[in-house]
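In our numbering, the protein residues as written are 1266 to 1622. Glycine included, C-beta positions come from ideal geometry on N, C-alpha and C. No experiment lies behind these values; they were computed from the predicted model shown.
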């Protein structure tokens, strides 16, 4: 059976698969004139930004792991939004590309046209061009004249700025965005330069239909635990060497895009939306003599959904599953285990239904 925790997780995940679905949100209660300090990144967002008053502030994931603060003039002729979400996967170029895809797909902008960027820029106080930005002109039927997006990292957090104006030119909007970012209080840090993401040389090809791997459920859970530990250790080692280079593979639908690291042919990241949620698909790593089934030659592939505060593992597959197969697994609640990746409670919860007769 799926526990209440896993059921709630699955419902939330299924919502991510519906383009345009609004995320559940809680209001952040702030006094008038009170600045908001994000408790984990240390970023301070003033009560008035770019001349606009704050109109709303929301939490989209527990413990401020994903937040948004809105600033609008009357009638929303001039609008700003600042988002901060936890960096659990991907990179600045990847999540900036996701932000672009959502902007470009919004009906309210009536087929917006890119007029500047994407280009790297220096966020306030940073020596390197570690952020990315782009400016668009909205279509003639849109009440918006220009819209733009910028994204950069602050420690283990992504900071995203969205700006829209009914009156500003593209140059005017860019200058406004620069002044808005300068009004944020950002912690000092060392950063690496970034560049816009490129398309993969050729898309992944999925040979045959992936099916559930023939493996004992208990072994599957143990293998996922060990594989996750090995993947985390390998990721830390890569970070200590050189930044991972991602390429954009295929767009499945609005906001759902497949990315690969350095043109990998046996793994990918399936990004869902523009706030850090994604499914990581990769060959299961096993330790010879330790991992169950490590003595056979059968390749198996793990499917792990990563949210701001949780890791949810789905049934192991016998070959690299396509994004469509991943969606099937998620929509069918094929969860084998889940765990928090934030906070003190890191216990792994197992789907007991796997062990029923």
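Item	Value
Taking three-plus beta-carbon pairs below 8 Å as touching, is the region 1447-1459 in contact with the region 1384-1392?	yes
Please report how far the alpha carbon of residue 1478 lies from the alpha carbon of residue 1354, in whole angstroms.	26 Å
Please check the pair residue 1293 and residue 1322, which I expect to be a contact at CB under 8 Å, by giving their CB distance rounded to whole angstroms.	4 Å
Whole-angstrom Cβ separation of residue 1334 and residue 1301, contact assumed at under 8 Å?	6 Å
Could you check whether residue 1308 and residue 1537 sit closer than 8 Å to each other, using their CB atoms as the reference points?	no
Taking the straight line between their C-alpha atoms, what separation do you get for residue 1436 and residue 1412?	11 Å
Do residue 1612 and residue 1351 have their CB atoms nearer than 8 Å?	no
Report the partner residues of residue 1548 according to the DSSP bridge assignment.	1566
According to DSSP, is residue 1511 helix, strand or coil?	strand
Where does residue 1444 land, buried or exposed, given buried means 16+ other C-beta within 10 angstroms?	exposed
Could you check where the beta strand (DSSP E) with residue 1476 kicks off and where it finishes?	Unbroken run through residue 1476: none, as it is neither H nor E.
Curious, which full-length beta strand (DSSP E) runs of at least 3 residues does the region 1292-1354 contain?	1317-1326, 1331-1337, 1343-1351
From the DSSP output, in three-state form, read off residue 1360 for me.	helix
What three-state label does DSSP hand residue 1573 in the structure shown?	coil
By how many angstroms is the C-alpha of residue 1298 removed from the C-alpha of residue 1422?	25 Å
Can you find the residues in the same chain that come closer than 8 Å, C-beta to C-beta, to residue 1522, ignoring five residues on each side of it along the sequence?	1362, 1363, 1366, 1513, 1514, 1515, 1516, 1535, 1536
Does the Cβ-Cβ distance between residue 1530 and residue 1549 come in under 8 Å?	no
Using the beta-carbon count (16 or more within 10 Å), is residue 1542 buried or exposed?	buried
Along the chain, where does the beta strand (DSSP E) containing residue 1383 start, and where does it finish?	1378-1386
Taking its Cβ as the centre, do 16 or more other Cβ atoms sit within 10 Å of residue 1476, making it buried, or is it exposed?	exposed
Grab the span of the beta strand (DSSP E) containing residue 1413 for me, first residue to last.	1411-1419
According to DSSP, residue 1462 sits in a beta bridge with which residue or residues?	Residue 1462 is not bridged to any residue.
DSSP on residue 1402, reduced to helix/strand/coil?	strand
Over the uninterrupted beta strand (DSSP E) stretch that includes residue 1422, give me the two end residues.	1422-1430
Three-state secondary structure (DSSP) at residue 1537?	strand
Does the beta-carbon of residue 1315 have 16 or more other beta-carbons within 10 angstroms, so that it is buried, or is it exposed?	buried
I need the straight-line Cα distance from residue 1404 to residue 1374, nearest angstrom please.	6 Å
Please list, in chain order, all residues of the same chain as residue 1599 whose beta carbon is under 7 Å from its beta carbon, the five residues on each side excluded.	1579, 1580
Determine the DSSP secondary structure at residue 1608, reduced to helix, strand or coil.	coil
Helix, strand or coil: which one does DSSP assign to residue 1603?	strand
Tell me whether residue 1543 sits in a helix, a strand or coil according to DSSP, three-state version.	strand
With DSSP as the reference, label residue 1433 as helix, strand or coil.	coil
Tell me where the alpha helix (DSSP H) around residue 1590 begins and ends.	1588-1596
On the criterion of 16 or more Cβ atoms from any shown chain inside 10 Å, does residue 1358 qualify as buried, or is it exposed?	buried
With distance defined between alpha-carbon atoms, name the residue in 1544, 1467, 1360, 1318 nearest to residue 1461.	1360
Among 1296, 1325, 1305, which one has its Cα closest to the Cα of residue 1311?	1296
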